[in-house]
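Trainee:
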Amino acid sequence: MRLTRYFLPVTKETPADAQIVSHQLMLRAGLVRQTAAGIYAWLPLGKRVLANIERIVREEQDRAGALEMLMPTIQSADLWRESERYDAYGPEMLRIADRHGREMLYGPTNEEMITALFRDAVKSYRDLPRILYHIQWKFRDEVRPRFGVMRGREFLMKDAYSFDLDEAGARHSYNRMFIAYLRTFARMGLTAIPMQADTGPIGGDLSHEFIILAPSGESEVFYHKAWEADRAAEAEGVDANDAAALQAFVAGLTNDYAATDEKRDDAREQAAGADLRTSRGIEVGHIFYFGTKYTKAMNMIVQMPDGGQVHPEMGSYGIGVSRLVGALIEASHDAAGIVWPEAVAPFKVGLINMRADDPRCAAAADELYGKLGIAGIDTLYDDRDERGGAKFATMDLIGLPWQLIVGPKGLERGVVELKRRATGEREELSAESALARLAG
RNA sequence: CAGGGUGUAGCUCAGUGGGUAGAGUGCCCGCCUUGGAAGCGGGAGGUCGCCGGUUCGAGUCCGGCCACCCUGACCA
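Numbering of the first sequence is given in my numbering, commencing with residue 325 and proceeding in unit increments.
1. Looking at C-beta atoms only, is the number of pairs between the stretch 353-367 and the stretch 386-399 that lie closer than 8 Å three or more?
2. Between Gly713, Gly513, Leu692 and Gly694, which lies nearest to Met678 when the distance is taken from Cα to Cα?
3. Going by C-alpha distance, which of Asp580, Thr328 and Leu351 is nearest Pro339?
4. Name the residue from Ile380, Gly354 and Ala440 whose alpha carbon lies nearest to the alpha carbon of Ser400.
5. Work out the CA separation of Leu675 and Val727 for me, nearest whole Å.
6. Does the distance from the CB of Tyr457 to the CB of Ala390 come in under 7 Å?
7. Among residues of its own chain, excluding the 5 on either side of Asp554, which ones have a beta-carbon nearer than 8 Å to its beta-carbon?
8. Measuring CA to CA, which of Val730, Thr703 and Glu736 is closest to Leu742?
9. DSSP three-state call for Asn565: helix, strand or coil?
10. Report the three-state DSSP secondary structure of Ile701 (helix, strand or coil).
11. I think Ile611 touches His548, with their Cβ atoms under 8 Å apart; what is that distance to the nearest whole Å?
12. Count the other CB atoms within 10 Å of the CB of Pro636; is the residue buried (16 or more) or exposed (fewer)?
13. Assign Ala575 to one of two classes, buried (16 or more other C-beta atoms within 10 Å of its C-beta) or exposed (fewer than that).
14. Would you mind working out which of Thr515, Asp709, Ala521 and Glu752 sits nearest Asp589, comparing C-alpha positions?
15. Does DSSP classify Met501 as helix, strand or coil?
16. To the nearest angstrom, how far is it from the Cα of Gln460 to the Cα of Asp451?
17. Where does Ala746 fall in DSSP's three states?
18. Under the assumption that Arg582 contacts Met512 (Cβ atoms under 8 Å), give the Cβ distance between them as a whole number of angstroms.
19. Over the uninterrupted beta strand (DSSP E) stretch that includes Val590, give me the two end residues.
20. Would you check if the stretch 628-646 and the stretch 599-609 touch, i.e. whether three or more CB-CB distances between them fall below 8 Å?
21. Look at the alpha carbon of Ala569 and the alpha carbon of Leu652, and state the distance between them as a whole number of angstroms.
22. Spatial neighbours of His496 within its chain, please: CB distance less than 6 Å, with the 5 preceding and 5 following residues excluded, ordered by chain position.
23. Answer yes if the stretch 755-762 comes into contact with the stretch 686-705, meaning at least three C-beta pairs across the two stretches below 8 Å, and no otherwise.
24. Excluding five sequence neighbours on each side, which residues of the same chain lie with their C-beta closer than 6 Å to the C-beta of Gly425?
25. Should Leu355 and Gly370 be called a contact, given that it needs their Cβ atoms to be closer than 7 Å?
26. Give the secondary structure of Glu337 by DSSP, where H, G and I count as helix, E and B as strand, and everything else as coil.
27. With the cut-off set at 7 Å, would you say Arg708 and Thr433 are in Cβ contact?
28. Please name the residue or residues paired with Ser603 in a DSSP beta bridge.
29. Go to Arg382, then tell me how far its beta strand (DSSP E) extends in each direction, as first and last residue.
30. Thinking C-alpha only, which one of Asp341, Val739, Thr619 and Tyr410 is nearest Thr359?
31. Taking only runs that begin and end inside the stretch 460-503, name each unbroken beta strand (DSSP E) of 3 or more residues, in chain order.
32. Should Phe331 be labelled buried (16 or more other beta-carbon atoms within 10 Å of its own) or exposed?
33. Could you tell me if Lys845 is buried or exposed, where buried requires 16 or more neighbouring beta carbons within 10 angstroms of its beta carbon?
34. Let me know the secondary structure DSSP gives Pro432 once reduced to three states.
35. When the Cα atoms are used, what is the spatial distance from Leu445 to Ile438?
36. Which ranges does the beta strand (DSSP E) cover as unbroken runs of at least 3 residues, wholly within the stretch 651-706, from first to last along the chain?
Printed below as a string of structure tokens:
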């Protein structure tokens, strides 16, 4: 993409409304614009990041055997009356009326809808287990939106719902998602730690919040140093279809202490001893098992082989997709701007033509741009007639992993410069070598 | 929701005792420059959040409303 044809409104100054660094950088780097309190428009660069996160989430959900679907944003109040949550939910639910005066709402979550859909279509044990998911916009009318997209009112979320015949099956589904979450966040370059969370009225150990470590995180977290390793890699040898093996693996992992501020455990912290670590964290995912809460309330029954009938056991599994954009920036930025992990970066390479008015320089940059395109490398080409300093500053701000710099000085010697955004390392090499490096 | 704060140019902000509005930056044109956003000259751009009141006259004073932000409670 040529920058002269792109829509990238960057600003040098920090917008007054933004307090935390991710929010400031998202506005400055032209990722989003706020349109109302807690509601954001995603500009082209931000949309690309969102799409990359979605893609990783989708691939890992599919790999875990979950089935993608898409449920609406607008739901009817009657559906929520079935579970008796319509009155229970409170003012966080955005309630609206259609032209006929029918009561509708902008969905804050989809348990009722998925339960109704699955209930109406499934009557036999043969159709279970299943895990269904979708990636959809939600709305929760937060009293006080803040932190940019990290705590907006409208947000993009992946939510999955599992249906099983019994609790053992539900635990297996839970464990599948547990592993999928480790993989998902690891692929984004994040250290995400599952921490025991409140399970509500059901109790047990089947609820975890996935917290990513970020110095500017919203809450304080405590964990065993074992969590600093790549646990998703440890899961590679585990057969997710083998319920016992999977359970043993998850049990082994969760044996390593990890807790949020509210759930600290003195005894376990003392046991961890010198291996105890503390950090700040941001919640990016939450998985939990809630049994038959909805299947009973909404009367979902399946026939069992022995003629009996059961209410399926459910779990639900959320990932805050739009929140992750902010969380990733909190976890990865420096004084100059964003530092995108390569897997989610909006473009892999920022190509800089140092001298737009120098025909040789422009021709060399144009040629490189063409070759990058043929090689299938996502490139943002700064072909503006600006000074080098302005181009460097823009590239550093938007945080593309690589900067490829074409300037008259280097061309004299037949080299271009490749700079790694994360470390600032620079290297001079031939255009061909640079291409080969970036293609790898 | 309670408490507090702020609304003036795209952005960051000034605006004295009431007299119809400014800076920096950004943007446009020209020149000059060219390896880290900072050269020179010229120019465009504002119903001073909205409604009402006081006044000869309101960005400024008074009343009401709206929006946004901060702290807390709450939360993917």
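Beta carbons are placed, not taken as given, at the ideal position from N, Cα and C, and that holds for glycine.
Mentor: Concretely, from the data shown:
1. no
2. What you label residue 678 is simply residue 354 of the first sequence in a count that begins at 1. The residue with the shortest Cα to Cα distance from Met678 is Gly713.
3. Against the first sequence, residue 339 aligns to sequence position 15. Answer by Cα proximity: Leu351.
4. By 1-based counting over the first sequence, the position of residue 400 is 76. It is Ala440 whose Cα lies nearest to the Cα of Ser400.
5. Along the first sequence, read from residue 1 onward, the residue named residue 727 stands at position 403. Along the first sequence, read from residue 1 onward, the residue named residue 675 stands at position 351. Here residue 727 is Gln; the residue named in the question, Val, does not match the sequence. Computed Cα separation, rounded: 6 Å.
6. Mapped onto the first sequence, residue 457 falls at position 133. Mapped onto the first sequence, residue 390 falls at position 66. Yes; because the gap between Cβ atoms is below 7 Å, this pair is in contact.
7. What you label residue 554 is simply residue 230 of the first sequence in a count that begins at 1. Excluding sequence neighbours, Asp554 sits near Ala510.
8. On the first sequence, position 418 is the one that residue 742 refers to. Taking only the C-alpha atoms, the option nearest Leu742 is Val730.
9. Working through the first sequence from its first residue, we reach residue 565 at position 241. Three-state result, Asn565: coil.
10. Here residue 701 corresponds to residue number 377 of the first sequence, with the count starting at 1. DSSP places Ile701 in coil when its eight states are reduced to three.
11. Along the first sequence, one-based indexing puts residue 611 at 287. Along the first sequence, one-based indexing puts residue 548 at 224. With 8 Å as the limit, Ile611 and His548 do not qualify as a contact, their Cβ atoms being about 20 Å apart.
12. In the first sequence, residue 636 corresponds to position 312, counting from 1. Label assigned to Pro636: buried.
13. To locate residue 575, count along the first sequence from 1; it is residue 251. Flag for Ala575 reads exposed.
14. Position 265 of the first sequence holds residue 589. The shortest C-alpha separation from Asp589 is found at Ala521.
15. Locating residue 501 in the first sequence gives position 177, where the first residue counts as 1. If DSSP states are grouped into helix, strand and coil, Met501 belongs with the helices.
16. Along the first sequence, one-based indexing puts residue 460 at 136. Along the first sequence, one-based indexing puts residue 451 at 127. Going by the C-alpha atoms only, they are around 25 Å apart.
17. Residue mapping note: residue 746 aligns to position 422 of the first sequence, counting from 1. Ala746: coil per DSSP, three-state reduction.
18. One-based indexing of the first sequence puts residue 582 at position 258. One-based indexing of the first sequence puts residue 512 at position 188. In the sequence on display, residue 582 carries Ala and not Arg. Rounded, the Cβ-Cβ distance is 19 Å, inconsistent with contact.
19. On the first sequence, residue 590 is found 266 positions in, with the first residue counted as 1. A quick correction: the sequence has Asp, not Val, at residue 590. Taken as a continuous stretch (DSSP letters only), Asp590 belongs to no beta strand (DSSP E), being part of the alpha helix (DSSP H) at Asp590 to Ala596.
20. yes
21. As a position in the first sequence, residue 569 is number 245, starting the count at 1. As a position in the first sequence, residue 652 is number 328, starting the count at 1. Straight-line Cα distance between these residues: approximately 32 Å.
22. The residue you call residue 496 lines up with position 172 of the first sequence. Closer than 6 Å at Cβ, skipping near neighbours: Ala567.
23. yes
24. Here residue 425 is taken as the residue at index 101 of the first sequence, counted from 1. Around Gly425: no qualifying Cβ.
25. Residue 355 sits at position 31 when you count from the first residue of the first sequence. Residue 370 sits at position 46 when you count from the first residue of the first sequence. Yes, they are a contact pair.
26. Looking up residue 337 in the first sequence gives position 13. Of the three classes helix, strand and coil, the one that applies to Glu337 here is coil, per DSSP.
27. Start at 1 with the first residue of the first sequence, and residue 708 comes out as number 384. Start at 1 with the first residue of the first sequence, and residue 433 comes out as number 109. Contact: no.
28. Numbered from its first residue, the first sequence carries residue 603 at position 279. Paired residue(s): Val545.
29. To locate residue 382, count along the first sequence from 1; it is residue 58. It is not in any beta strand (DSSP E) - Arg382 instead sits in the alpha helix (DSSP H) that spans Pro368 to Arg387.
30. The residue you call residue 359 lines up with position 35 of the first sequence. Among Asp341, Val739, Thr619 and Tyr410, the Cα nearest to that of Thr359 belongs to Asp341.
31. 478-488
32. Along the first sequence, read from residue 1 onward, the residue named residue 331 stands at position 7. It counts as exposed.
33. Nothing about residue 845 can be read from this structure; the chain reaches only from 325 to 764.
34. As a position in the first sequence, residue 432 is number 108, starting the count at 1. In the structure shown, Pro432 sits in coil (DSSP, three-state: anything other than H, G, I, E or B).
35. Numbered from its first residue, the first sequence carries residue 445 at position 121. Numbered from its first residue, the first sequence carries residue 438 at position 114. One point to set straight first is that residue 445 is Ala, not Leu, in the sequence displayed. Cα to Cα, Ala445 sits roughly 11 Å from Ile438.
36. 673-677 and 703-706
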